[in-house]
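Below is one structure, written out as structure tokens; the observations come after it.
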Amino acid sequence: MNWFMTNYLPTVPGGSSPDVFFQVAEKGLLPELRPLLESSMNAATAVKNQNWIVDLIDWIIIHSYSEPNDHGVPMALVKNPFAKGKEKTVITETVHNPLPYAYLRELREILCPQPRGTFRDWEWAQRQSGQVRSDFGDWFPVEQSVIDEDDPDCVWRYKNDRYEIWSPVRSMALHVKLHLPLRTYQVRFLDSGEADTWRYEGGDWVLNNRHGFSLGREGNPWKRGIFCRIHDQNIGEIMTGLYVSTNKTADQNKESRERGYTIPWQNEDVLYWLERLRNWQEKYNPINGPTSCTDLIEKHFGSVKTAEQKKDMGSICFLFRDPTAPPGERDKPMGGYTLPNLWYRLLSTLEDRVAARGQTLSDGSRLRFVQPPDPKLNALPIKTDFPLHSLRVSLLTCYAMEGRVPIQVLSKLIAGHSRIIMTLHYTKPTPAMVSQVMDVASGRISATQDENLKIFLRDADMRQIHSKTAFIDGSAIEIALANRNAIGWEQRHIGLCLVGGNSARSDEMSNIGGCWNGGEVITRGNKGPVYGPVPHGLENCPRCRWFITDARYLPALVAHLNMLSYRASQVSSLAVEIEQERDDLLDEMYFAEQENRPFLLQAELQQAQRRYEKQIKEADEYAKDLVSCFQLISKIVSIEEGRDTGDSATKLVAVGSLEDIHQPISFIETSSELWQISQLCENAEIYADLTDELRATPAIEKRSRALNHLLMRGGYAPILMGMDDRLQLIAGNAMMRSMALTLSPNDRMEGFREVSSLLEAGEGLQLLPAAMEPLERLTKQPVAKLSELITTTSKQVREAIRDRSPAHL
144 MNWFMTNYLP TVPGGSSPDV FFQVAEKGLL PELRPLLESS MNAATAVKNQ
194 NWIVDLIDWI IIHSYSEPND HGVPMALVKN PFAKGKEKTV ITETVHNPLP
244 YAYLRELREI LCPQPRGTFR DWEWAQRQSG QVRSDFGDWF PVEQSVIDED
294 DPDCVWRYKN DRYEIWSPVR SMALHVKLHL PLRTYQVRFL DSGEADTWRY
344 EGGDWVLNNR HGFSLGREGN PWKRGIFCRI HDQNIGEIMT GLYVSTNKTA
394 DQNKESRERG YTIPWQNEDV LYWLERLRNW QEKYNPINGP TSCTDLIEKH
444 FGSVKTAEQK KDMGSICFLF RDPTAPPGER DKPMGGYTLP NLWYRLLSTL
494 EDRVAARGQT LSDGSRLRFV QPPDPKLNAL PIKTDFPLHS LRVSLLTCYA
544 MEGRVPIQVL SKLIAGHSRI IMTLHYTKPT PAMVSQVMDV ASGRISATQD
594 ENLKIFLRDA DMRQIHSKTA FIDGSAIEIA LANRNAIGWE QRHIGLCLVG
644 GNSARSDEMS NIGGCWNGGE VITRGNKGPV YGPVPHGLEN CPRCRWFITD
694 ARYLPALVAH LNMLSYRASQ VSSLAVEIEQ ERDDLLDEMY FAEQENRPFL
744 LQAELQQAQR RYEKQIKEAD EYAKDLVSCF QLISKIVSIE EGRDTGDSAT
794 KLVAVGSLED IHQPISFIET SSELWQISQL CENAEIYADL TDELRATPAI
844 EKRSRALNHL LMRGGYAPIL MGMDDRLQLI AGNAMMRSMA LTLSPNDRME
894 GFREVSSLLE AGEGLQLLPA AMEPLERLTK QPVAKLSELI TTTSKQVREA
944 IRDRSPAHL
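The numbers in my numbering rise by one with no breaks, and the one at position 253 of the sequence shown is 396.
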């Protein structure tokens, strides 16, 4: 309510008087509430505050501006000028453009100038707290005896007749988000590992004898901390990964020890600073044991949790506990609301540095990272062009683009969040252009367009080919193009196979190219290198050295990447499920050993281990496919961005620097499987190859099930149930397009998102007329109502009984 009194009412002339307020409202002269709220807070908080304000005004109306009617019921004399709001993204998550990697790296340097330094080096972060307009202070008072002048991580000062120590907790949370694709909630709830059986110290592992509240034993260790001790069976060594103790979607209905996921990535930079933070907390903000999540309240979670949900989360030694909180609260996690303004300041500093270097847009204007503060609002600025949550998307994009991440890590990251959909941003994406590029008339690729790449390869010199096309192995391309005979090149929906789609090995001539030698070098001998088969099966073109593509195939490559993302999500989810079965059997084996009784489930354990390793390998391969496909896409985008201004050929992506367009491609992170499936089904109607792949998955059936549920909730027969998968694909696409157009006429992607959200929430009956119209047009008959089917069936049963009765007399 403070915001309403401080920021909104002063914008209304005489607004401090309720009488004047309602008079101005009746004339329709009140400023819009929602835009003002969103200019000083995120969307979720804005909705919550808007609803509180509506409730407040309703209360005022009932108690001061109403009269009872003849039945004693209060009747309002004035109207509430505001209506309750609803957050737009309830089911899925927001679409964000990713920050270019160069800027991510610079943000890290501003915050942490010395990769292997101490907290004393974090001077920029220390200057952000204690200012006049500081939002949440990082300096907290201590006794002089607490200060250790020999500790380089102890940053202290004497101010206002008291000693204060600087807390690195808030800055470290931002530092972690700049390195790992984690949600703010996940960072805040990371476990320090102070109660774990094993303790991480300087890159080594020792038994935890530091704390009397440590749990577990060497044979059955307790491991909930961010420092994850992993025994690598392949090399027989101990490595250190990262354990994320919460996972928003996958943690539902799981007990505390089953929650979270492991990232098997030994990120030395992150581990170094996490260890320093843990040591700092132990010294300057110690705890007596894990904190029960039942002791936390709404401000700690960021949302309302039931008592049962809190109990299921167990107890946590919070690594990001807040030493600036009041006594008795310092073992609890910092609030998520403390980060946005620090993030704003960091981006603002970056914006100033970029401007000082003379780096501008093509028209000479300043590169903008943050929204300028509104002088009318008495609130700290937090609005940026790159919201804090977009860091997850930025990091995922950079990992794939740079190709730096070990592939096991990428498959685990995919398992850690839910789903990824890739989008391609066109120059001026008008409805006409999107229709031309994506729908291609009746959904088929133009035959003339397919031939353009062949003609270019036949006529261009190798230097032009290298600069205009994307491929894996330049030497292989030169060998395949030696005789420039286009007859031997086979068309694929995502490019060209320069060895005619040959998937059969030739024993007569070992130098014939094909899937069997399209992979990486196995050995190098006197007769030249020997190549292995294409990884992950025949005709896996994005990982084949005989494959070449260009900008004409960019939409198809994006569609193919989305299919790979879906397959990777499927396999990864199955791997996590089997991993839990295996871990349960391992627990049972441990208890059997402790109780000196035989373990009778050895065969089941071996089977679970075998199944788990198989799925992990499959997830690993899909992740490699995804990275390879993305590298082809990013190379094409770079080629398109670098084209001369005089090049009059159709450009598929925006022209200009990264500063002009941020990124022509981006990832949408979402928990909605239906949204992802809907995009795949749309693409499958365009590309026949994708249709075949999609029909081999449960995707079409899953979407049809959701649409059938919508029909049945509206009282209609589940007509899709009687169709084969090809008809389900066409009919389902028509229904989804019609509903998406109803909700978002100018943005089909947004329309699909909103429709998917409603269907997954069991809502959307208002869209039923829009869904029925194309369905009845395709089937050329009205959809039967369930009541009619039941009546007809009952009548037929009665007639059958009546007809049979005389025969039995």
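For glycine and all other residues, C-beta sits at the position ideal for the given N, C-alpha and C.
query	result
Limits of the unbroken alpha helix (DSSP H) element including D455	450 to 455
Nonlocal neighbours in the same chain, by C-beta distance under 8 angstroms from I203, ignoring five residues either side	P161
8 angstroms contact criterion, which P433 and A338 should meet: CB distance rounded	5 angstroms
Cα-Cα separation between K453 and Y859, rounded to whole angstroms	41 angstroms
Segment limits, alpha helix (DSSP H) that includes E751	For clarity, residue 751 is Ala in the given sequence; the question names Glu instead. Segment 745 to 784, the alpha helix (DSSP H) holding A751.
Contact set for V349: own chain, Cβ-Cβ below 6 angstroms, skip 5 residues either direction	R342
C-alpha gap between A877 and P917, whole angstroms	6 angstroms
Those residues which DSSP pairs with L639 across a bridge	Q634, I691
From D835, C460, F773, residue whose alpha carbon lies closest to that of Q424	C460
DSSP state of M652 mapped onto helix, strand, coil	Note that M652 scores a pLDDT of 44, beneath 50, so its modelled location is shaky and nothing firm can be said.
CB of N826 within 8 angstroms of CB of N705, strictly	yes
Stretch pair the region 682 to 689 + the region 723 to 740: three plus CB contacts closer than 8 angstroms	no
Exposure label - H206; buried when at least 16 CB within 10 Å	exposed
Under 8 angstroms between C-beta atoms of L886 and E828	no
Touch test, the region 308 to 318 against the region 364 to 374, Cβ-Cβ under 8 angstroms, three pairs minimum	no
Cβ pair A168, R177 closer than 8 angstroms	no
I204 beta carbon near the ligand NAD (any heavy atom closer than 7 angstroms)	Among the components modelled here there is no ligand, and therefore nothing to report on the ligand NAD.
G662 vs V642 beta-carbon contact at 8 angstroms	no
Outcome for P483 when other beta-carbon atoms lying within 10 angstroms are tallied against a minimum of 16	buried
Rounded separation between D438 and V447 - CA only	13 angstroms
Presumed contact (8 angstroms Cβ cut-off) between D768 and L707, rounded CB distance	5 angstroms
Rounded Cβ spacing between G748 and L728 (contact assumed at less than 8 angstroms)	The question names Gly, but residue 748 in the sequence shown is Leu. Right, the Cβ-Cβ distance comes to about 4 angstroms (below 8 angstroms), so this counts as a contact.
Those residues which DSSP pairs with T612 across a bridge	In DSSP, T612 forms no bridge with anything.
Cut-off 7 angstroms between Cβ atoms - residues of its own chain near A623, not counting five sequence neighbours on either side	L641, V642, G656, W689
CA-to-CA distance, L179 to P211, given in whole angstroms	35 angstroms
Endpoints, the alpha helix (DSSP H) within which G617 is located	617 to 623
Coarse secondary structure for G546, derived from DSSP in three states	Any reading at G546 needs caution, since the residue's pLDDT is 41, under 50, leaving its predicted position unreliable; the model's value is listed next. Correct three-state label for G546: coil.
Close beta carbons around I759, own chain, < 6 angstroms, minus the five adjacent residues each side	A718
Sequence-distant residues of its chain with Cβ nearer than 8 angstroms to G617 (five each side left out)	H609
For L817 and A842, the rounded distance between their alpha carbons	9 angstroms
Classification of S314 by the beta-carbon crowding that lies within 10 angstroms, buried from 16 upward	buried
Span separating the alpha-carbon of R331 from that of P324	13 angstroms
Best match in W265, S771, N194 for proximity to V677 [C-alpha to C-alpha]	S771
Reduced DSSP secondary structure (H/G/I, E/B, other) of K105	Outside the displayed range of the chain (144 to 952) lies residue 105, so it cannot be described from this structure.
Other residues of its chain near R511: CB distance less than 8 angstroms, five sequence neighbours each side excluded	E494, D528
Backbone CA spacing between P153 and D517 [nearest angstrom]	14 angstroms
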